[in-house]
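Undergrad:
In our numbering, the protein residues as written are 94 to 398.
#1: Could you say if the segment 110-124 and the segment 156-164 meet the contact criterion of at least three C-beta pairs nearer than 8 Å?
#2: Are residue 298 and residue 325 closer than 8 Å when you measure CB to CB?
#3: Thinking just about the alpha-carbon of each residue, which of 225, 364, 160, 174 is nearest to the one in residue 183?
#4: So, residue 217 versus residue 151, is the Cβ gap smaller than 8 Å?
#5: Span of the alpha helix (DSSP H) holding residue 314?
#6: So what does DSSP say about residue 335, is it helix, strand or coil?
#7: Does the beta-carbon of residue 362 have 16 or more other beta-carbons within 10 angstroms, so that it is buried, or is it exposed?
#8: Within 10 angstroms of the Cβ of residue 178, are there 16 or more other Cβ atoms? Answer buried if so, exposed if not.
#9: In three-state DSSP terms, what is residue 396?
#10: So what does DSSP say about residue 211, is it helix, strand or coil?
#11: Tell me the residue span of the beta strand (DSSP E) that contains residue 399.
#12: Could you say if the segment 310-319 and the segment 204-220 meet the contact criterion of at least three C-beta pairs nearer than 8 Å?
#13: Rounding to the nearest angstrom, what Cα-Cα distance links residue 110 and residue 197 in this structure?
#14: Nearest CA to the CA of residue 396: which residue from 373, 379, 374, 347?
Take a look at the structure:
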């Protein structure tokens, strides 16, 4: 595939098995392998394989339907004895596949040797609708962004030895409804960097370790607590993990200081694409207050190196 740079290829990780067709050790081994494919191989970090071809995109099917134990979640299986994904799995995964591959293909089409592509996967509490999908942010008249785009994020690269030093910032990066964000990075960045993702009213979240930028394409997923510094993710009822929403004033804390502007806007019946709209539905109301109250009550704050 690397010998055919005019073509773009998509590869996906294998499907997990139901409990009756595997065992704990095998399931966890499959999970470990798929994590290696996604986080090590695709990022060009494998010492033997080295740089990963930029015209190949790896779609992590496994993690989208597997539970923490590495087994196929029951809601996505034909039956307890049949590991074939069912129609719900198709309904959930197919749109994510289309969105991720489409975004990656367009990015490759625009590829410039003087740049690198950073692909980040992240789900946000206030936007999350379930099954690995984000809703599209609204303003007072409708969708704020074009079809397939949930919202915008900022991606920062921080010095691996001194986190307080920001080496590069990619602003207004489009975040797809499948949680994928693609940023163009100058090719001069060849070291290792902490990756921090910021969203307008969510808690900044940082990679667990510095990530190598030695290759032309870099992939990083904030899918699991182990991927995030301090394990700072919120578990959802469907087995996914999301970054905490509610840091309205972007001070790294979710507390009463975030509640006050929401309360003021709600009292004034404010609508639109606003910082105080934590649920991103274009309306400032009790739904936004609830998220802040819950996270403030748990003393949630940013975790950074």
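Even for Gly, the Cβ is constructed at its ideal location relative to N, Cα and C.
TA: Let's see:
#1: yes
#2: Position 205 of the chain shown holds residue 298. Position 232 of the chain shown holds residue 325. Yes, the Cβ-Cβ distance between residue 298 and residue 325 is below 8 Å.
#3: By 1-based counting over the chain shown, the position of residue 183 is 90. Among 225, 364, 160, 174, the Cα nearest to that of residue 183 is on 225.
#4: Locating residue 217 in the chain shown gives position 124, where the first residue counts as 1. Locating residue 151 in the chain shown gives position 58, where the first residue counts as 1. Their beta carbons are not under 8 Å apart, which means residue 217 does not touch residue 151 by this criterion.
#5: The residue given as residue 314 occupies position 221 in the chain shown. Here residue 314 belongs to no alpha helix (DSSP H); instead the beta strand (DSSP E) covers 310-314.
#6: Taking the first residue of the chain shown as position 1, residue 335 is located at position 242. Strand.
#7: Along the chain shown, read from residue 1 onward, the residue named residue 362 stands at position 269. With fewer than 16 other Cβ atoms within 10 Å, it is exposed.
#8: Here residue 178 is taken as the residue at index 85 of the chain shown, counted from 1. Residue 178 is buried by the Cβ-count criterion.
#9: Residue numbering aside, residue 396 sits at position 303 when the chain shown is read from its first letter. The answer is coil: DSSP assigns residue 396 none of H, G, I, E or B.
#10: Working through the chain shown from its first residue, we reach residue 211 at position 118. Residue 211 falls in the strand class under three-state DSSP.
#11: No information on residue 399 is available, as it lies outside the stretch 94 to 398 that the chain covers here.
#12: yes
#13: Taking the chain shown and counting its residues from 1, one reaches residue 110 at position 17. Taking the chain shown and counting its residues from 1, one reaches residue 197 at position 104. Spanning the two alpha carbons is a distance of roughly 28 Å.
#14: Translated into positions along the chain shown, residue 396 becomes position 303. When each option's Cα is compared against that of residue 396, the closest is 347.
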